[in-house]
Amino acid sequence: MTEQSQKQDTKNRIGSVLVAGAGIGGMQAALDLAGSGFMVHLLNDEPSIGGTMSRLDKTFPTGDCAMCMISPRMVESSRHPNVRMHTLARAVKVTGQEGDFTVTVAEKARYVDADRCTGCGACEAECPARVANVFNQGLDKRKAIYALFPQAVPNTRAIDAEHCLFLTRGVCRKCEKVCDANAVNFEDTDKEYELQVGSIILTPGLKTYDPAIRQELGYGRLKNVVTSLQFERLLSASGPFGGVVTRPSDGGHPKRLAWVQCVGSRNAHNANPWCSSVCCMYAAKQSIIAREHDPEVEATVFYMELRAFGKDFDKYIDKAKFGSGVKYRRAMISEIIEDPVTKNLRIHSVDEEGRLVNEEFDMVILSIGFEPRPDAAEFAKIFGIETDQYGFARTSKLAPVATSRPGIYVAGTYQGPKDIPETVIQGSGSAAQAMALLGESRGSEIEEVVLPEERDITGEEPRVGVIVCHCGVNIAGTVDVQKVAEAASHQPGVTHAETIIYACAPDGQQKIRDLIKEKGLNRVVVASCTPRTHAPLFQDTIREVGLNRFLFELADIREQCSWCHMNDKEKATAKAIEIVNMNVAKTRLLDPVTSNSVGVTHAALVVGGGIAGMTASLSLAGQGYGVHLVERDTVLGGLLNKVRRNLEGDDVQAYLDDVRNKIEQEARITVHLGATVAATEGFVGNFKTSLTDGTAIEHGAVLLTSGGAEYVPTEYGYGTSPNVMTQRELESWLAAGDPKASDRFVMIQCVGSREEPANYCSRICCQDALKNSIAIKERQPRARVVVLYRDLRAYGLKEDYYRKARDLGVLFFLYVPERKPEIIADGSGFKVRVDGKVLGGEMEIDADYLILSTGLRPREDAQQLSQTYKVTRNGDGYFMEAHVKLRPVDFPSEGLFLAGLAHAPKNLEETISQSLAAAGRAGTLLSRDNLTVSGIIAKHNRDICMSCLACFRACPFGSPFIDADGRVSHNEVKCTGCGICAGICPAKAFQVNCFRDDQILAMIDSVTGND
1 MTEQSQKQDT KNRIGSVLVA GAGIGGMQAA LDLAGSGFMV HLLNDEPSIG
51 GTMSRLDKTF PTGDCAMCMI SPRMVESSRH PNVRMHTLAR AVKVTGQEGD
101 FTVTVAEKAR YVDADRCTGC GACEAECPAR VANVFNQGLD KRKAIYALFP
151 QAVPNTRAID AEHCLFLTRG VCRKCEKVCD ANAVNFEDTD KEYELQVGSI
201 ILTPGLKTYD PAIRQELGYG RLKNVVTSLQ FERLLSASGP FGGVVTRPSD
251 GGHPKRLAWV QCVGSRNAHN ANPWCSSVCC MYAAKQSIIA REHDPEVEAT
301 VFYMELRAFG KDFDKYIDKA KFGSGVKYRR AMISEIIEDP VTKNLRIHSV
351 DEEGRLVNEE FDMVILSIGF EPRPDAAEFA KIFGIETDQY GFARTSKLAP
401 VATSRPGIYV AGTYQGPKDI PETVIQGSGS AAQAMALLGE SRGSEIEEVV
451 LPEERDITGE EPRVGVIVCH CGVNIAGTVD VQKVAEAASH QPGVTHAETI
501 IYACAPDGQQ KIRDLIKEKG LNRVVVASCT PRTHAPLFQD TIREVGLNRF
551 LFELADIREQ CSWCHMNDKE KATAKAIEIV NMNVAKTRLL DPVTSNSVGV
601 THAALVVGGG IAGMTASLSL AGQGYGVHLV ERDTVLGGLL NKVRRNLEGD
651 DVQAYLDDVR NKIEQEARIT VHLGATVAAT EGFVGNFKTS LTDGTAIEHG
701 AVLLTSGGAE YVPTEYGYGT SPNVMTQREL ESWLAAGDPK ASDRFVMIQC
751 VGSREEPANY CSRICCQDAL KNSIAIKERQ PRARVVVLYR DLRAYGLKED
801 YYRKARDLGV LFFLYVPERK PEIIADGSGF KVRVDGKVLG GEMEIDADYL
851 ILSTGLRPRE DAQQLSQTYK VTRNGDGYFM EAHVKLRPVD FPSEGLFLAG
901 LAHAPKNLEE TISQSLAAAG RAGTLLSRDN LTVSGIIAKH NRDICMSCLA
951 CFRACPFGSP FIDADGRVSH NEVKCTGCGI CAGICPAKAF QVNCFRDDQI
1001 LAMIDSVTGN D
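Taking our numbering, the leading residue of the sequence shown gets 1, the next gets one more, and so forth.
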């Protein structure tokens, strides 16, 4: 194909994308693509979007309400003009090629007109048919006409044709008779239609392991043995028991709870051979939350290895152990037996000392793992992609979101077991790949949104509506929300006050819109959770019915009341009343705010030229944007220059050379070697950066991919003998020659990691140990390799290599941090003494080579970058993302993104995924011609300004400046609304929109009782 025909082919690609699966990964991909100007068809085989995350109670390690987090995404997906939702639908045929696919979709009859249904639920109340509730994991029953869950999107009912009395027997039709909206349609039929798309993203989600196969654990026979997902529903306020943990056998409140780990995982005989990656952490989360629900709960976790490998995960385990008193027992469970009288459960186990132990519990939770969906093989066949031996989509570790079929990408657990952040990252990463593929067709299929004209409220008296959210039991379990609403209703200017179960859910949003119209409200207060995540959602809601977005206040009564005062309901309620009343007082004084817009510079600055920076740069260039790649060293590659192969055996250096060549050949990428950032100024969409080599760059987005550093050990005699090496040095040693049959290697894990001052897992150390130990044994089977470990963290599909190492004869012995291995020099070799837990005594191991598995650290210049870009770092020195689950590559500051080791330790595959995600998020920003500037900015009154320069000196963003007339002026585009100028100005010439002095004083007067 000629260059001209290639360009023509690119332009003819269809500017829409099919996303198959509407869990959190699918929604992330859809919203990124829609925000970047592509039409998205979001396909889901259930009657609602939301996936597995919608079934969770809370998430680790933040303890955030899962529904509170995912509801805004669900609502945004349903509202976005560039997203078309297709529920109860699945693809049955795919033809074509990248850029031009034809997808045949089969959509089941809903038997309810979604456009007419109001979600009132009157039909459900009348339906006589009761069916096992799959959403609640069979713990209760639902009706034949139903919503999947209370916050379902779309907020409409569906009829289960297999259990509806009319559709199966021709009798009943009660739902139709009570539906005032005439939404029930028994004439509805299944449909089949075609969609034309340029790319496809597969996010079909997962299936959980059925533990009934493990008869010794009693699931399905013993009522008080439940799965971890069932326990999530027991904890959830929208679950079958309203968030009250209830024992299935008698409805009592269990006090002694036990979690059994690795059920359905790490077992090739009657389960799955892989590690499901999340079970250790969700068991910790559930045990902590169970204690929060009932302080008398005694929680015990039976585990084999603690795989807390994520960012701040080890600290979360410590919180469970030392903050919530959770007991952790390293043990193998042999069986669970029920007491026929009390229905209590006795767990028979073998502890780490080899002793038989019997313990009694009120309830046992089985931490079940993930596996591909039952239709995984058929699914792969329909889309024409290859799978691995387990049924997961086959991808390369060097191209983790690309399937075997060009133009089709994958994200989430269909690519392998993973947690929510990794799923979100891959959602954005796959979106970035689709953006690069279809860049020339961006905007060709979308429709313009027209909002109603804003109401002019000039001269109107305040008519404030107050909505108090239950947030399930997150708020209502501690705060008397009815009492809060009643108190608010008596405040001056309040026209209406009421409570809603979930204000952020679609039905809650619609209720707010309806109230604004019916009551003539001109200002709204919602009392719920943090404004950080939910304020934009409610602002959009009131704008859709003609109110200015800034005639809204969010009163945080979750973080500030119910969570921090959960053991004192009266005080929590009293405080909530005060907070709501304060916000009402402020809201009465709110005025409409007009937001300005600015143009966008369609280029990005990428700081750091390791594999993260190079991958992000290539992705952005592929999307059509200019990139400036800045690297402090004289060569690109970063730490990857020292890595020869990954655990899976890929030639890393060949891959790195290929990436470097692509960088050199890409005309849109300008590389700045031997340079660092000297200074930066500007704002989202319009940054100006000066480099130390004198180069000045204008760009619209910043990606920090500045990398990490290898830890240089001071332990175990490192540096005193050439035979004491790190894993990276061993890799080079092996590349120079083969080990001898007489060689004896001892590897010590977690050197300098998982203890202060670096109390975190570096993720790569166990993988390096497995990689090198396998290499030794494959090249010299008679060589001896011993690995001394605390927890061998071969998470996900890497468990295969743990098993392979054992099969090759690598010996693994456990040690505990209280009794670390002791090294004694013995001639040219070493004697390694370690406490042999299983063998019941101290072991002494002879070694010729001592290999230290060292981890990663933040770079020393991370602090400087943090100050330059005014971004925060966590206690370990890594950059902090905006939200650990839902915004894992965004900084809180708009226009700034992060990826790679600057964010946290991770392996090559994870770094590539996150880099693509950062490029996808940045691409969504750079695709816009104009950006609306935040309305929360300082307004400057020059008439009373004394030009004392206090603001000029104090503002970290350079908003105040000395104008041509020698007086202070204010660049509102640079302003972030931080309020420093308003606080320091002696003349009060600066006032921040929505935080004016009169508004703050009104709040103070409200709580102090002053008029």
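All C-beta atoms, glycine included, are put in the ideal place defined by N, C-alpha and C.
Just list the residues that DSSP pairs residue i with in beta bridges.
i	result
Thr-84	Note on identity: in this sequence residue 84 is Arg, with Thr being the wrong assignment. Per DSSP, His-41.
Gln-97	Asp-100
Pro-960	His-970
His-831	One point to set straight first is that residue 831 is Lys, not His, in the sequence displayed. Looking at the DSSP assignment, Lys-831 forms a beta bridge with Ile-824, Asp-846.
Thr-932	Ser-597
Phe-683	Asn-686
Phe-149	Partner(s): none; Phe-149 has no beta bridge.
Indicate the three-state DSSP secondary structure (helix, strand or coil) for residue i in the structure shown.
i	result
Asp-998	helix
Pro-240	coil
Arg-887	strand
Lys-974	coil
Met-880	coil
Arg-806	helix
Val-75	helix
Lys-141	strand
Ala-701	strand
Ser-1006	helix
Tyr-795	coil
Lys-223	coil
Tyr-801	helix
Thr-203	coil
Thr-62	coil
Glu-445	coil
Pro-372	coil
Pro-858	strand
If you count every other CB in all the chains shown that lies within 10 Å of the CB of residue i, and 16 or more means buried, which is it?
i	result
Pro-1067	Limits of the chain in this structure are 1 at one end and 1011 at the other, which puts residue 1067 out of reach.
Ile-944	exposed
Gln-864	exposed
Met-69	buried
Glu-844	exposed
Pro-781	exposed
Arg-819	exposed
Gln-4	Legend: pLDDT at Gln-4 = 39, less than 50; position of this residue unreliable, value from coordinates given subsequently. It is exposed - the Cβ of Gln-4 has fewer than 16 other Cβ atoms within 10 Å.
Glu-232	buried
Which whole-angstrom value is the C-beta distance of residue i and residue j, which I expect to be below 8 angstroms?
i	j	result
Pro-506	Val-153	5 angstroms
Ala-283	Lys-327	Rounded, the Cβ-Cβ distance is 12 angstroms, inconsistent with contact.
Ser-428	Ala-917	4 angstroms
Thr-705	Ala-612	4 angstroms
Lys-93	Ile-382	7 angstroms
Gly-443	Thr-601	Contact doesn't hold; Cβ gap of about 19 angstroms is too wide.
Give the range of the beta strand (DSSP E) segment to which residue i is assigned.
i	result
Asn-686	686 to 691
Tyr-193	191 to 197
Trp-563	Note, Trp-563: premise wrong, no beta strand (DSSP E); not H, not E.
Arg-329	327 to 338
Pro-421	Careful: Pro-421 lies outside any beta strand (DSSP E), inside the alpha helix (DSSP H) at 420 to 438.
Lys-939	938 to 940
Tyr-303	298 to 303
Arg-256	256 to 263
Leu-18	16 to 20
Which stretch, first to last residue, makes up the alpha helix (DSSP H) that contains residue i?
i	result
Gln-286	279 to 293
Phe-379	376 to 383
Asp-318	313 to 318
Pro-506	506 to 519
Val-481	481 to 489
Tyr-869	862 to 869
Gly-26	24 to 35
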